[in-house]
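S.K.: Below is the structure I would like to discuss, written out as structure tokens.
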Amino acid sequence: MNIGKRDALLVVVLVALSLTWSAVAISHGTPLSRYDEWTYVDYAWKMAYGHVPVQGEDLADETLEAWSCRGMEGSIQGVYVPVCGARTEGRGIEEWPYRGENYNGFHPPLYFALAGHGGTFLASHFHTDFVTGARWISAFFVAGGVAALYLALRSWRASRRAAFAGALLALATPAVGASAGIVHNDAVTLLAGAAGVWIAARIFLDHRLGSTAPALVMVGISATRVISVGALLAVLCAVGCAVIRPESFGFSLSDRRRLLRLLLVSVLALLLVYLLWSRWQNGRRPADYVPAISGLSTVTLGEGGYDSVLASLLDGYGLTDPRSDFYLQPGVRSGVVKVWAAFLYLVYLVTPVVAIILLWSWRRHRGLVVATVAGPAAAALAVQAREIVNSAAYFRIISGRYAISTVGLHVTVLALLTDRPGWRDGFLAFAGSGYLLMLGGTLLTSVG
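Here our numbering is used: the first residue of the sequence shown is 1048, the next is one more, and so on.
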């Protein structure tokens, strides 16, 4: 589909809306997020100065000071963050939660290199601190993800209005909004999800079965945040189904070999990046290393078993359960957002079912249907597999946040279903209301 000037204008509007939300979230959400933001700040800080951190090493003094001076809501295992200036005054690192350890050094480095160098640049040129600068890099990632998702929706032949509404709804999803205002590699997840939507359109709508584009996308995502491959893994699940029954997805039997090659090359691209990085990074940490966070949210396989792992694969459906699937720090969190999240949770929960009922009759949409249905489970499987390989343990509960890359698939289904007179205006009003509730809830809470 040709992209014209009106599309470019709508992309600019979406980017402006995304950056507006980020500006509010960054300015009002001073405390560090309880989603381990201090470890990501530390990783980015060290990358900016040429050091790739090893899992288990001490947080830098600069990180400890930022954590203390910005604060954090509550305590962790009864340990509160020391007061601002504590490290400068000589307080021991063991007085910080988790003994001041960075246990997140296993993540791939690409996001942190960009956040580190970009955050340092913004801090020095705009007279702010490193954390604020690095948070703005996350803001740019999410804004890019919103823009890319709009274009990906257009590749599914969605009208401009429906595509705009779908991209805006993704931004108004609380877990996505949260990542747009903190230092966290979750910020790349919407961009990864948009890539999955685009790859799905290439394969199932346009029948472009080359392996290069999917493999390169997989490499880029894997080098940034491994579990963000959830949407693309879901698309590959659909490709696998097409390999088995190509005619059911609008392909011919002669397409089977190319579909299989696309599937295998993409999986190999993921494994290559993950295994090479893990081999190098894990080889640098002490052989007897046990993360300080171990056991807080995980269970060893000996205690639980693979049946519990399989049951956990269903946890991510709905994506945005206000009880467990996102966190907004004080200054950003509001009761209005929780109500919005609860309603949106129900919408996302039924979206895969509605997709099966209403879209399955269109053969070229079946790949999207399978990907949307499989998405949260595929993302959960990636999370659990990584944890089992790394520590012979698994997560008790899989947060929907880990499956948030599939939000792009969900909003694509909703955009296609509502892309008809009257309905698309309702979809746009729904998405716009969600955005305003997120933004207004934060502003009103701060005023109150």
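Note that the Cβ used here is the ideal one computed from N, Cα and C, for glycine as well.
Drop a sphere of 10 angstroms on the beta-carbon of W1470, count the other beta-carbons inside from all chains shown, and report buried for 16 or more, exposed for fewer.
M.R.: With fewer than 16 Cβ atoms within 10 Å of its Cβ, W1470 is classed as exposed.
S.K.: Mark R1292 as exposed unless 16 or more other C-beta atoms lie within 10 angstroms of its C-beta, in which case mark it buried.
M.R.: Exposed is the call here.
S.K.: Does the Cβ of W1327 have 16 or more other Cβ atoms within 10 Å, making it buried, or fewer, making it exposed?
M.R.: Exposed.
S.K.: Bridge partners of T1345, per DSSP?
M.R.: Partner(s): F1442.
S.K.: Express the C-alpha separation of F1298 and V1235 in angstroms, rounding to a whole number.
M.R.: Roughly 32 angstroms between the two C-alpha positions.
S.K.: For a quick check, are the C-beta atoms of Y1321 and S1258 less than 8 angstroms apart?
M.R.: No, the Cβ-Cβ distance between Y1321 and S1258 is not below 8 angstroms.
S.K.: Between R1305, A1478, V1356, which has its C-alpha nearest H1390's C-alpha?
M.R.: In the sequence on display, residue 1390 carries Phe and not His. Cα-wise, what sits closest to F1390 is A1478.
S.K.: Ignoring anything shorter than 4 residues, give me the alpha helix (DSSP H) runs that lie fully in the region 1301 to 1349, in order along the chain.
M.R.: If we require 4 residues or more, the alpha helix (DSSP H) runs fully inside the region 1301 to 1349 come out as 1303 to 1329.
S.K.: Mind reading off the beta-carbon distance from G1488 to V1383? Whole number of angstroms is fine, and I expect it under 8 angstroms.
M.R.: So it is a contact: roughly 3 angstroms between Cβ atoms.
S.K.: Taking the alpha-carbon of V1130 as reference, which of Q1124, F1168, R1117 has the nearest alpha-carbon?
M.R.: Taking only the C-alpha atoms, the option nearest V1130 is R1117.
S.K.: Just to confirm my understanding: we take P1144, look at its own chain, exclude 5 residues before and 5 after, and list those with CB closer than 6 angstroms. What are they?
M.R.: Closer than 6 angstroms at Cβ, skipping near neighbours: I1123, V1126.
S.K.: Would you identify the three-state DSSP class for A1227, choosing helix, strand or coil?
M.R.: Correct three-state label for A1227: coil.
S.K.: For L1310, which residues of its own chain have a beta-carbon under 7 angstroms away from its beta-carbon, when the five flanking residues on both sides are left out?
M.R.: Excluding sequence neighbours, L1310 sits near L1283, V1286, G1287, V1290.
S.K.: Can you tell me where the alpha helix (DSSP H) with A1098 in it begins and where it stops?
M.R.: The identity of residue 1098 in the sequence shown is His, whereas the question assumes Ala. From DSSP, H1098 is part of no alpha helix (DSSP H); its letter is neither H nor E.
S.K.: Can the beta-carbon of A1186 be found less than 8 angstroms from the beta-carbon of A1162?
M.R.: The answer is no: Cβ separation not under 8 angstroms.
S.K.: Count the other CB atoms, across all protein chains shown, that sit within 10 Å of the CB of E1141; report buried if there are 16 or more and exposed otherwise.
M.R.: E1141 is exposed by the Cβ-count criterion.
S.K.: Could you check the C-alpha separation between L1280 and G1422 for me, to the nearest Å?
M.R.: Cα to Cα, the separation comes out at about 7 angstroms.
S.K.: So, with DSSP's three-state summary, where would you put D1054?
M.R.: Three-state result, D1054: helix.
S.K.: Does the separation of the CB atoms of V1273 and A1424 fall below 8 angstroms?
M.R.: Contact: no.
S.K.: Assess contact between the region 1361 to 1369 and the region 1058 to 1078, defined as three or more Cβ pairs (one per stretch) separated by less than 8 angstroms. Is contact present?
M.R.: Output reads no: the region 1058 to 1078 does not touch the region 1361 to 1369.
S.K.: Which residue's Cα is closest to the Cα of I1435: F1251, A1170, E1350?
M.R.: I1435 has its Cα closest to that of E1350, out of F1251, A1170, E1350.
S.K.: Tell me where the alpha helix (DSSP H) around L1396 begins and ends.
M.R.: That run of the alpha helix (DSSP H) goes 1382 to 1406.
S.K.: Between the alpha carbons of L1491 and H1174, how many angstroms are there, rounded?
M.R.: About 28 angstroms.
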